[in-house]
Amino acid sequence: MAAFLRERSAASSRSLPLSNKHARVAGLAVLATTLVFSKPELGAQDLQSLEARMIAMQARYESRIAALESEVAGLRTHPPLAAEVELAATLDVTAAKWQQSGLSKAARDARSAAVQISVVADAVLTASGRRDSFETDNQFRLRSVELGFSGRLDPHAKYAFVLAAHEDAVEIEDAFADWDNGLPDTFTLRGGRMPVDFGFAAPLHDHELGFVDKPYAVQEFLGGRAVTTGLALHHWFGLGDTPVRWSLGAGNALQGDSHAIQGPLGGAHEHAALVGAEPVGERGIEDLIWTARVATTIDMAEHDTLTLGASVIHAPRERHFWFADPPTNTTVAFGDTDRTVAGMDVFWRHRNPATEGHLTIGGEWLWSRSSSVDDSTTPPVVNGTHQRADGGYVMAEYGLDTHWTVGGRWELFSHAEDRTLTTEACAVAVTWTLDEYNRLRLEAGLIDDESADDAYGFCMLQWTTVLGSHNHGLAW
Amino acid sequence: MALLGDTMRTLTLCAFLCTALHAQALRVVATTHDLADLAREVAGTRIACEVLSFGDQDPHRVVAKPSTLLKLRKADALLLMGLDLEHSWLPPLLEGARNEALTAGRPGHIDLSVGIEPLEVPAQVDRSRGTDLHARGNPHYNLDPEGGRHMARRIAECLGQLAPDHKADFAAGLRAFEAKLDAKVKDWEPEWRRLKGAKFVTRHGFFPYLSKSAGFDVIADLENTPGLEPSPAHVAKVMQLMREQKPAALLVPSWKAGGLTATVAEGTGIPVLALPMGSTGRGKDATWLDWMSHVISELAAAVPETREH
Ligand SMILES: [Zn+2]
């Protein structure tokens, strides 16, 4: 069983999403409206060459920023209208500060042209006592270099485009547009390749987490950072003084990203990445995946909030693959399955402005129901029955100030394929934010993995650097 | 039209829940407690004001909550300091709130920095070390009696445009406030005399407007770029200067009293004066005038008596 899982995961780091037609179309559309972005085909490369490219990219965009800045400076030399005083801002917030009215056409053009650019590099050193050592174990790896663009297309729409280069692949993480001001009330329609709006941890990019890896339970049932290509409608409103938001989405398939797991469980629990990643043949409207979420954040005190959320995802038809020939990564589709995952999340957040510290306590629990696959035969068969599994995590994070954060996480989940096998894991992480750009994290923990019949300790050191503006808005 | 409907619904609900007076109140969101306090001085109960940040927290880095979206959505007017003080956190909230009445250029978008002559406007923005928080000049004009006067006047003027029926009331509120301020300014004369020519070192540029009015010198700032952690070389240089020139105090915002501040104070023997950088609605800093008095008296008390003639 375990060997089978590993074989499957060995290929899960292949670049699947780039070959997805919808993602490509959405990506190109976004690119065409922003910048002509040269050569996204960063192949398998070493750290040095990736860094050199990153620096070159940075230089290129800095010169563009300089050009835009001088344009804005030109606008500034004309005596500004009262409304245009706002305009003379630094460029990195220009896009966000787009205003619908009261600006001259030239000012609007300057704003719509402004692009927020960010580069995030993430490297992890892993050491573990795992018995069957994995390719991700005991080595220093550049997990990803992420290049992000975002801005406004026009007063009615904005976009985000995130390209992630891994050691052996490049994938489009996000390529979506939001239609907001054109829609009534607080409705927003999101279209393109987007994170699935499910719970707290699943939609986050890796570098936004408080720990090196996504919670393993989320990876088990959703495949890490779950993404889909489709449409999602978002809306929020006030229930009295309490804001409530909900979303409803439909997409072509549920895809976990290929690099979510770096720690010692890396490779072992990414079933979802392969399941349905590459839909084969005709897919009708009845095959679309559906997602829904409702969440509220209640103000408990001036600096205390409580977020409660519930999410569900239903994938009616996922193609299952089987590795016929692991050395050449030849995969054979052997059947279709369905899957439903529901989740609940609760987070209490406290801020202390006097110390600039914070305390977050929360957790998520997920319930999974999916078609059973009998893998005792070759090839495996989908046998028509369903199996259930569940699991989740609780975590606490204490920020002493703007530099130091300590966190702890405990997890327990039963395996999606076999609920009699459970994994329990706990971890402690210390994060040191050196400055605006650099962050170091040391994480240590224990894993008791029944599927591998192994229990062991691990230790990880993560270095993350963030260049450029980065604003992901409210998390709720 | 939808917005009008929303406003009407909100007002109806309010009339049901609150007094008749409150039903007609303008809903105002203020990015700082100072703005809310001055708006209340000017407009009294004709406005219902929500506050997004207080003087004991960094006004550049306010952590947004979803409820803020709702406050902005329901508001008739937004009072902001401008000059990019709120630029890292307010624009995404305004975008999310989708309240057209608050967009720039509308009467509901009240930028208090209009009419201020900003100090410390950089000749060119140096992006090499990160985002300069004062790229358009220093936005901390609230820390100055004349800055407060300007804010109150502009609030009265702009609210008067939004609610022309109450223009006379706002003008009366402003007159009453200015009379209070004038009396306070007289009271502060001894402190003013004591502060003239005194030397201070600051951490973050909260004081240029007050130092200009009161005539004291800020000989150095621990930050070499506003908002960024100072470089060790810069800190060493400032500490050397402090040892040589013996400033009266190291002035820091209340949320930066520990860490580097304590190290520098220890290494130089210069006392730390940690103060809120705006009114908080509580204690000595309850109102903008209270806070101003608090700051001025603490600063003057830090200056050695021998300096006084
Ligand atoms: Zn500042």
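Here the protein sequences come in this chain order: A and B. Residue numbers for the first sequence, in my numbering: 1 to 476. Residue numbers for the second sequence, in my numbering: 477 to 785. Idealized CB from N, CA, C, for every residue including glycine.
For A:T186, the nearest beta carbon of chain B is closer than 8 Å to its own beta carbon.
Scanning the region 368-447 of chain A for uninterrupted beta strand (DSSP E) segments of 3 residues or longer gives 381-399, 404-414 and 422-433, listed from N- to C-terminal end. Residue burial annotation: B:H585 is buried, with at least 16 other C-beta atoms found within 10 angstroms of its C-beta.
Against B:W731, the close residues of chain A are P353, A354, T355 and E356, in the order they occur along the chain (beta-carbon pairs closer than 8 Å). Judged by DSSP secondary structure, A:W179 falls within the beta strand (DSSP E) whose first and last residues are V170 to W179. For B:K550, the number of other beta carbons within 10 angstroms of its own is at least 16, and it is reported as buried.
A Cβ-Cβ contact shorter than 8 Å links B:T756 with B:F530. If you ignore the 5 residues before and after A:G129, its C-beta comes within less than 6 Å of the C-beta of Y456 and G457, all in its own chain and listed in chain order. Contact between A:A396 and A:S368 is absent: CB atoms are separated by about 25 Å, not below the 8 Å threshold. Chain order gives the chain A residues near B:V539 as R351, where near means a beta carbon separation below 7 Å. With 16 or more other Cβ atoms from the protein chains shown falling within 10 Å of its own Cβ, A:E364 counts as buried. Between ligand 1 and the CB of B:P615, the shortest heavy atom gap is smaller than 7 Å. Chain-order list of chain A residues neighbouring B:E705: D435, by C-beta distance under 7 Å.
Counting only runs of 3 or more residues that sit fully inside the region 560-638 of chain B, the beta strand (DSSP E) segments are 585-587, in chain order. Boundaries cannot be given for A:I285, as no beta strand (DSSP E) includes it and DSSP labels it neither H nor E. With respect to A:V145, A:P195 sits apart: the two C-beta atoms are not nearer than 8 Å. Within the region 686-722 of chain B, the runs of beta strand (DSSP E) that reach at least 3 residues and sit entirely inside it are, in chain order, 693-697. Nearest to B:D761 by alpha-carbon distance, out of B:A639, B:S730, B:P780 and B:A690, is B:S730. When secondary structure is reduced to three states using DSSP, A:H235 falls in the strand class. Taking 8 Å as the threshold, the shortest C-beta distance from A:G238 to chain B falls below it. Bridge pairing for A:Y216: absent [DSSP]. Residue B:K541 holds the alpha-carbon nearest to the alpha-carbon of A:H303 among B:K541, B:D513 and B:K656. According to DSSP, residue pairing for A:R319 in a beta bridge involves A:D336. Closer than 7 Å at the C-beta level to chain B, one finds these residues of the region 296-312 of chain A: T297, D299 and T305. Judged by their CB atoms, A:R190 and A:H234 are nearer to each other than the 8 Å cut-off.
Separation of the CB atoms of B:A647 and B:A632 is rounded to 6 Å, and the pair is thereby assigned contact status at 8 Å.
With a threshold of 7 Å, the Cβ atom of B:L609 counts as near ligand 1, since some heavy atom of the ligand is closer than that. A:G182 counts as exposed, since fewer than 16 other beta carbons sit within 10 angstroms of its beta carbon. B:G558 is the residue among B:G558, B:P568 and B:Q500 whose C-alpha sits nearest the C-alpha of B:R630. Annotation for A:T360: R349 and E397 place their beta carbon closer than 6 Å to its own, counting only its chain and skipping 5 residues before and after. When secondary structure is reduced to three states using DSSP, B:E526 falls in the strand class.
The beta carbon of B:D532 falls within 8 Å of a beta carbon belonging to chain A, placing the residue at that interface.
For B:R574, the neighbours in chain A by C-beta distance under 8 Å run, in chain order, D180, N181, D185 and T186.
The C-beta distance from B:H642 to B:R522 rounds to 5 Å, short enough to meet the 8 Å contact threshold. Of all alpha-carbon atoms in B:D560, B:Y685, B:D645 and B:G636, the one lying nearest the alpha-carbon of B:I772 is that of B:Y685. Using beta-carbon distances, A:P243 counts as an interface residue toward chain B, with a partner under 8 Å.
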